[in-house]
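Colleague:
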Amino acid sequence: MTAILSTGRGPQESRLSRAGALIVMLVFTLYFLIPIWWLFIASTKSSAQFGNSAPLWFADFNLFENIGQLVAYRDGVYLKWMLNSVLYAGLGALLGTLFAAMCGYALAKYRFPGRDLIFNVVLGGVLVPATALALPLFLIFSQVGLTNTFWAVFLPSLVSPFGVYLTRIFAASSVPEELLEASRLDGAGEIRTFFTISVRLMFPALVTVFLFQFVAIWNNFFLPLIMLRDEALFPVTLGLYSWNSQVNQIPELRLYVLVGAFLSIIPLVITFLLLQRFWRSGLGAGAVK
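Position one of the sequence shown corresponds to residue 128 (the numbering used here), numbered consecutively onward.
Below is the structure:
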């Protein structure tokens, strides 16, 4: 009798737990999506409608007019900031991923003294927050005269301890030693073997590293804040912050900040949508291996 009752409760408990999990997922989904929805709605309103209409629904749809005003303001300085962010994040993530792949591959496939020590240091670097390194980086860059330059933001973005860690794990699991030996026997050098064989096998992990690095650099705020003074070098995050600090003196900047923040999300969404299938396979393979 007990077994029968227990068997009867099993499917019901399973349905309840599934429903509870769906409710929790729905709550968290709304928690993340509502601010984005609010930002989109606010970007479609005029300055007069912003405080005098429903915060989560449309008034007049003025999005394209607002975008036109934004890009025309001060000779298109917002577009300059967006271009700077694309350069910082795009080039930084691309080169950072390449360097992480080289380091991770070397740690996985070559035996040399101190290899484990270097990997442990890399693991330690994963745990150090970027904000803790901002002040030392500023002092170093100021001594060599690189503050308030493109390189002050670009060079630190090339370093990715998490990327080294992930590519090392992935290279150790997905790049067979037999394939490397066959390539060497065919006369291929180490560099050619790396780019023609290893990079292809590691591609899902490299896309994952690229996405993480791209998002981190695009959203980077504190490092540009302490490194840059020239407005022409600002990324979009710092540029919008500078506008937001002037809202009390120039009220129309509030609308530009909202529209600019909404537009700044679009490159991240496009990049993720284009690379998501590689990203998911990379994370799944890394988790299994």
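For every residue, glycine included, the Cβ atom is placed at its ideal position computed from N, Cα and C.
Hey, how far is the Cα of A298 from the Cα of M329?
Modeller: A298 and M329: Cα-Cα distance of roughly 6 Å.
Colleague: Give a yes or no on whether the C-beta atoms belonging to I344 and A216 are separated by under 7 Å.
Modeller: Against a cut-off of 7 Å, the Cβ pair of A216 and I344 comes out as a contact.
Colleague: What residue does the alpha helix (DSSP H) around M95 start on, and which one ends it?
Modeller: This structure does not reach residue 95, given that the chain is present from 128 up to 416, and the question cannot be answered.
Colleague: Along the chain, which unbroken stretches of the alpha helix (DSSP H) at least 4 residues long are found entirely within the segment 303-337?
Modeller: Taking only runs of at least 4 residues, the alpha helix (DSSP H) segments lying wholly in the segment 303-337 are 304-312, 317-320.
Colleague: Could you compute how far the alpha carbon of I168 sits from the alpha carbon of R145?
Modeller: So the alpha carbons of these two residues sit roughly 33 Å apart.
Colleague: Compare the C-alpha of L382 against each of G203, L197, I397, W164 and name the closest.
Modeller: The shortest C-alpha separation from L382 is found at L197.
Colleague: Along the chain, which unbroken stretches of the beta strand (DSSP E) at least 3 residues long are found entirely within the segment 210-253?
Modeller: Correct list: empty.
Colleague: Would the segment 247-259 count as touching the segment 192-211 if we require 3 or more Cβ pairs under 8 Å?
Modeller: Touching, no, given that fewer than three Cβ pairs across the two stretches are closer than 8 Å.
Colleague: Is DSSP giving P394 helix, strand or coil here?
Modeller: If DSSP states are grouped into helix, strand and coil, P394 belongs with the helices.
Colleague: Span of the alpha helix (DSSP H) holding N371?
Modeller: Where N371 is concerned, the enclosing alpha helix (DSSP H) stretches over 363-371.
Colleague: May I ask you to report which of helix, strand or coil DSSP gives G290?
Modeller: Helix at G290.
Colleague: May I ask you to verify whether the segment 206-222 touches the segment 352-361, counting CB pairs closer than 8 Å and requiring at least 3?
Modeller: Because the criterion of three Cβ pairs below 8 Å is met, the segment 206-222 and the segment 352-361 touch.
Colleague: Rounded to whole angstroms, what is the Cα-Cα separation between L266 and I245?
Modeller: Taking the straight line from one Cα to the other gives about 25 Å.
Colleague: Nearest-angstrom Cα distance between S173 and F268?
Modeller: For S173 and F268, the distance between alpha carbons rounds to 43 Å.
Colleague: Going along the chain, which residues of its own chain have a beta-carbon closer than 7 Å to the beta-carbon of F277, five neighbours each way excluded?
Modeller: Counting only Cβ-Cβ distances below 7 Å, and skipping sequence neighbours, we find L360.
Colleague: How should Q340 be labelled, buried or exposed, when 16 other C-beta atoms within 10 angstroms of its C-beta is the threshold for buried?
Modeller: By the 10 Å Cβ count, Q340 comes out buried.
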